[in-house]
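Chains as they are written, first to last, in the numbering used here: chain C, -7 to 551; chain R, -7 to 551. Glycine is no exception: its CB is placed at the ideal position from the N, C-alpha and C atoms. For clarity, every value in this text was computed on a predicted model and none was experimentally measured. To start, the structure itself, in structure tokens.
Protein chains: 2
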Amino acid sequence: MFRNKLGCYIFRVCNWIYTHKQVKYTKPSILMPQNQWNKKCHHITGYPHISLLAAGFGFITYSLCDMKYVVYADDSQDTRDEDKKANLFDNNLPTYSTSEVSKHSNYKERIWVTYKNGVYDVTDFIHEHPGGDQILMAAGGAVDPFWMLYSVHLNPHVLNILEKYRIGNLDPKENNDNTSDMSDPYSNEPKRHVILKPACVKPFNAESPEQLLVENFITPNELFYVRNHLPVPDIDSTTYSLEIEIEGKSKTLTLTLDELKKFPKYSVTATVMCAGNRRSEMTKIKPVKGLNWGAAAVGNATWSGASLREVLKKAGLNEKDLDKYKHVQFEAFDTDATGSAYGASIPIWKAVDRRGDVILAYEMNGVPLPRDHGFPVRVIVPGVVGARNVKWLGKIIVSSEESQSHWQQNDYKGFSPSTDWDTVDYSKSPSIQELPVTSAICQPIPNSTVTVENGQITVRGYAWSGGGQDIVRVDVTSDGGKTWHVANFEHRDPQNAPQHWSWTLWTCKLPVSKEDKKVEIWAKAVDSSYNTQPESFENIWNLRGVLNNAYHRITVNLE
Amino acid sequence: MFRNKLGCYIFRVCNWIYTHKQVKYTKPSILMPQNQWNKKCHHITGYPHISLLAAGFGFITYSLCDMKYVVYADDSQDTRDEDKKANLFDNNLPTYSTSEVSKHSNYKERIWVTYKNGVYDVTDFIHEHPGGDQILMAAGGAVDPFWMLYSVHLNPHVLNILEKYRIGNLDPKENNDNTSDMSDPYSNEPKRHVILKPACVKPFNAESPEQLLVENFITPNELFYVRNHLPVPDIDSTTYSLEIEIEGKSKTLTLTLDELKKFPKYSVTATVMCAGNRRSEMTKIKPVKGLNWGAAAVGNATWSGASLREVLKKAGLNEKDLDKYKHVQFEAFDTDATGSAYGASIPIWKAVDRRGDVILAYEMNGVPLPRDHGFPVRVIVPGVVGARNVKWLGKIIVSSEESQSHWQQNDYKGFSPSTDWDTVDYSKSPSIQELPVTSAICQPIPNSTVTVENGQITVRGYAWSGGGQDIVRVDVTSDGGKTWHVANFEHRDPQNAPQHWSWTLWTCKLPVSKEDKKVEIWAKAVDSSYNTQPESFENIWNLRGVLNNAYHRITVNLE
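Here it is in structure tokens:
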């Protein structure tokens, strides 16, 4: 999706250099000394550590001021020429399907990857790869989304190296983005990148490795977590229509996709998070029912579409109706075996609030919504749990009642740690809407070995709070809370609360003693209401394993 | 203040009966069996344990359904006749000043109290008092505010008993509500009830005993915590004026109190809390700078006045100005020795939001604002820390900047536990606006001895969250979190988030084993964003001792 001009440009210029290794890897010609680029910098008020580099091509690069160099987007003719090679079909080489490629994901079978239309055997290159064995994350799949994250690859030198390892072409028929087995309700699922680790295959639910999340403020579509409750519907956008009903009014508004696109187009960059994100940590306390999510059931994207507020107005909703109706329900096109559709609702104040920024999105990061993310239309309810950001939207109902769907009434609710399956009464808890403040450590990964440099290790992660709350501080400790270190913000949305919809990416140079061999790292975030995370999972445990926002704690080995 | 007709009626009908002792104490004639009053009840949807009793006089009584009786307001002619006696000056008895009365607050000096204009020596009555030595809370002061809480007293029988103990009259000159020593800036402070425990006398800062807080959903004005930063200004309401300036516009709007009262009058019931509430618990971890508040630097009142939104509109603020200005500043009439006034600001979105409910209040619980609470006008910013609810309001400035006052810039901000007075940089933290979710146990009080009944003790408290968030659950434990018990809500505001401004009063029958002798009780609340309290003060400690919202933990003895 980022292969279109706009997307490509965005990702090719978002670079941070963290290690000397990486700096060495980039060609000197594409480095720019800080004293030069700093002159072009515009300091964002209040966040002096983040500078905004307007590179003169209509795109921007964020970089940390305390770093020596910024990698410049190499958008030269050389790069574009080399890049084209990967797109070409090489008649002298065999053709492989993605399924064949996927078998080659270990040393025994050799390590194959794809880039655009090329298939490459990179087994013999791995030991030379300046990024080390990170390349193995793409083993058996496409390197394309990783190169969006690590755009240092997009220069003629790297592209030239890659072509040397070419062994074949990707089957052109693979451009059909769907699977083809028609024997079950999941016969027509979209293809997914191999990097997505499924927590469940049918319905498909998967997240990417958490260490990738913090590589970019915007999560590439291919790496964005997928949370499906049912099979993915296959919707023809030319015949698609969205129905809008206001209870008690005889007329219903029906909009085709083209008609929806005639409304003014708004873009909102918002984090979407699953209520079960980080459930695997809660499960360690006591089993819960739910998908075993790690910390990556979350992503941040720029969503574009029509304003729900404006569409509801067009459908006939007046100011004076707002006292009568309490909820806006969403019905989806994905259905279960009995024909029941997925559904959810949000309070009407959120739907019609000028500052609510709720949109009927038809684009994700500049391209049409991928099928897994709701093609052709989903609702984006910024600051609100993923479950209410209904995908494959078919109908909107303005109502005095909440959605009566299973997922609104008997799921996605919080309970006391002492409530069990014998005592639970779903009618007693409100449906989750805004999510509480949370944070997670994404780098290093748990139980990995980290090199201590100058008595410090670098810890990176994300923090976010629902309801449009900003993140005001992230504290990190390596000594069980005796001393806390305030993290620096790598990237944050400049919007203020209560319209701060994006996550904050943070980094912390954490002092450690190499002699410790092992260290436990904790992180906690504070939001603009000065709400903070609870310390442990014991006291927020709940039978469905939702709202897992206790301190994130990981152990790593030091060397 | 509750002696006017409206206030009196409100409090005289808000009754709960918790013990058989109290039930026996009330005359049978004023009891009504549950099977009778239940028929008049209207169950509030979703909260079946709270019933609303419309008593037919235009007022309402909330009661718990699982209680056997509700005390009925006894508004009979008999009561009113007896009540008048306390108002009469008895020429056969001597006259005492409040200062003389206040000396009689222990058994050695004998226990005196006042009620209306009467002075009473109740020393010999204490052992007969059905409420036990709770009466000592009024020793040396007025019983009036307590009788607003425990309106069971307002019947001819009780009033008649009291008159038997009359020993004198309160000096009529005492009606001048001010102190009279003109030798210091605090020479002209209002009189306060002796029950207010001062954390500091000059400026006056005091809270009432926390066990009183939960006796009523509305805190009587006399028991409402006082947080003054400077001497209380003495403002003549007939010459008072409020200035409203919009930066960059040449015209300033000036309103007298009468002119302000010509705007539509709105009432909002909102909890106001000091950022330092519960600081005494944080101090136990490590000293902090600040007043040593207990858990009662909070209260809930009905505030009435003009809408700030409407006043700003009248002053010339347009929709299109909202992008230009970011803050609304408030300047007060209280000044320090250099003439600097107290000041604060709030974000403009809150000031102009239809759902923000910000008012320029001139009434508190149905009477003009008491001097300690901002007479004649203060701003009430529901859901936002007390410090921004500026009292003695003199000027409003719509600005592109925050207030530059000390209290906005260099106070009332949160920091990491490892930030100390050498490293603190106030410019790095945002000013506190919305407060985080919190709760406190008000009954029993710490280290008291509690009688176990049927293997249970009753625990009562409040819970509240800033930003208009509702309280969705309070969990209580007596075994260190192994089992959590969900509290019942005694009283909550029917308004939904994000306009839920009042606290929630809760009660929990907590199973305990009498053999334990001693038990530690913890409480924690969850709000409608499913934010919850942090477990301990260690990890939220901050050098100013604000935002003290860790679990409330108290130890009590069992018998």
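Point to revise | Backbone secondary structure at R:Ser419 - three-state DSSP | key: helix
Check your understanding: Are the beta-carbon atoms belonging to R:Tyr157 and R:Val114 less than 8 Å from one another?
Key -> yes
Review point. With DSSP run on the structure shown, which of helix, strand or coil describes C:Lys474?
Key: For C:Lys474, the three-state secondary structure derived from DSSP is coil.
Practice item. Tell me, please, which residues DSSP counts as bridged to R:Gln448. Key: R:Glu445 and R:Pro503
Point to revise | Selection from R:Lys77, R:Thr71 and R:Val135 that minimises the alpha carbon distance to R:Ser94 | key: R:Val135
**Study point:** Exposed unless 16 or more other CB atoms sit within 10 angstroms - verdict on C:Ala287
**Key:** buried
Check your understanding: Taking R:Ser442 as the reference, which of R:Ile546, R:Ala479 and R:Ala455 has the closest Cα?
Key -> The amino acid at residue 442 of chain R is misidentified as Ser; the sequence shows Val. Considering only alpha carbons, the answer is R:Ile546.
Exercise for review: Express the C-alpha separation of C:Ile424 and R:Gly124 in angstroms, rounding to a whole number.
Suggested key: 45 Å
Check your understanding: Should R:Val538 go down as buried or exposed, given a rule of 16 or more other Cβ atoms within 10 Å for buried?
Key -> buried
Exercise for review: Just the C-alpha distance for C:Asn531 and R:Gly473, rounded to the nearest angstrom, thanks.
Suggested key: Pairing C:Asn531 with R:Gly473, the inter-Cα distance amounts to about 7 Å.
Point to revise | Alpha carbon of C:Ala262 to alpha carbon of C:Pro374, nearest angstrom | key: Spanning the two alpha carbons is a distance of roughly 6 Å.
Check your understanding: When the cut-off is 8 Å and only beta carbons count, does R:Ser521 lie next to chain C?
Key -> Yes, because at least one Cβ of chain C sits closer than 8 Å to the Cβ of R:Ser521.
Review point. Just to confirm, are C:Ala336 and C:Ser392 a CB contact at a threshold of 8 Å?
Key: no
**Study point:** Cross-strand partners of C:Asp519 (DSSP beta bridge)
**Key:** C:Ile463
Check your understanding: Along chain C, which residues have their Cβ under 9 Å away from the Cβ of R:Asp467?
Key -> Ser408, Pro409, Ser410 and Asn531
**Study point:** Enclosing beta strand (DSSP E) for R:Met356 [first to last residue]
**Key:** Going by DSSP, R:Met356 is part of the beta strand (DSSP E) stretching over Ile351 to Met356.
Point to revise | Own chain residues within Cβ distance below 7 Å of R:Phe117, not counting five before or after | key: Tyr157
Practice item. Please confirm if R:Val478 has its CB atom under 8 Å from at least one CB of chain C. Key: yes
Review point. Given that a residue counts as buried once 16 or more other Cβ atoms are within 10 Å of its Cβ, and exposed if not, what is C:Gly240?
Key: exposed
Check your understanding: Do the segment 191 to 201 of chain R and the segment 241 to 252 of chain R make contact, defined as three or more Cβ pairs closer than 8 Å?
Key -> no
Review point. For the segment 202 to 216 of chain C against the segment 144 to 153 of chain C, are there 3 or more C-beta pairs whose distance is under 8 Å?
Key: no
Point to revise | DSSP state of C:Leu550 mapped onto helix, strand, coil | key: strand
Review point. Which partner residues does C:Ala333 have in the DSSP bridge list?
Key: C:Thr327, per the DSSP bridge assignment.
Exercise for review: Ignore the nearest five residues each way along the sequence and tell me which others in C:His492's own chain have a CB closer than 6 Å to its CB.
Suggested key: Gly460, Asp462 and Asp485
Review point. If we cut at 8 Å on Cβ distances, does C:Asn439 have a partner in chain R?
Key: no
Point to revise | Per-residue DSSP class, three states only, for R:Gly378 | key: Helix, per DSSP.
Exercise for review: Taking all protein chains shown into account, decide if C:Asp176 is buried (16 or more other Cβ within 10 angstroms of its Cβ) or exposed.
Suggested key: exposed
Exercise for review: Kindly indicate which residue of R:Val548, R:Glu155 and R:Pro503 has the alpha-carbon position closest to the one of R:Glu512.
Suggested key: R:Val548
Check your understanding: On the three-state DSSP scale, how would you describe C:Leu245?
Key -> Residue state, collapsed to three classes: strand.
Point to revise | Own chain residues within Cβ distance below 6 Å of C:Cys192, not counting five before or after | key: The answer, listed in chain order, is Leu283.
Point to revise | Neighbour-count burial assignment, R:Lys31, 16 or more Cβ in a 10 Å radius | key: Summary for R:Lys31: the model assigns pLDDT 31, below 50, so the residue's position carries little reliability; its value from the coordinates is reported in the next sentence. Label assigned to R:Lys31: exposed.
Practice item. Report back the beta-carbon spacing between R:Phe81 and R:Asn98 to the nearest angstrom; my notes put them in contact at under 8 Å. Key: Distance from R:Phe81 to R:Asn98 at the Cβ level is roughly 28 Å; contact not present, criterion being Cβ atoms closer than 8 Å.
Check your understanding: Which whole-angstrom value describes the C-beta separation of C:Ile187 and C:Leu222, a residue pair presumed to lie in contact below a C-beta threshold of 8 Å?
Key -> With 8 Å as the limit, C:Ile187 and C:Leu222 do not qualify as a contact, their Cβ atoms being about 23 Å apart.
Check your understanding: Can you tell me where the alpha helix (DSSP H) with R:Thr261 in it begins and where it stops?
Key -> Counting along the chain, R:Thr261 falls outside any alpha helix (DSSP H), though it belongs to the beta strand (DSSP E) covering Tyr258 to Met265.
Practice item. Show which residues of chain R have a CB atom less than 7 Å away from the CB atom of C:Arg347. Key: Per Cβ cutoff of 7 Å: Trp341.
Review point. By the 10 Å Cβ neighbour count, where 16 or more other Cβ atoms means buried, how is R:Asn541 classified, buried or exposed?
Key: buried
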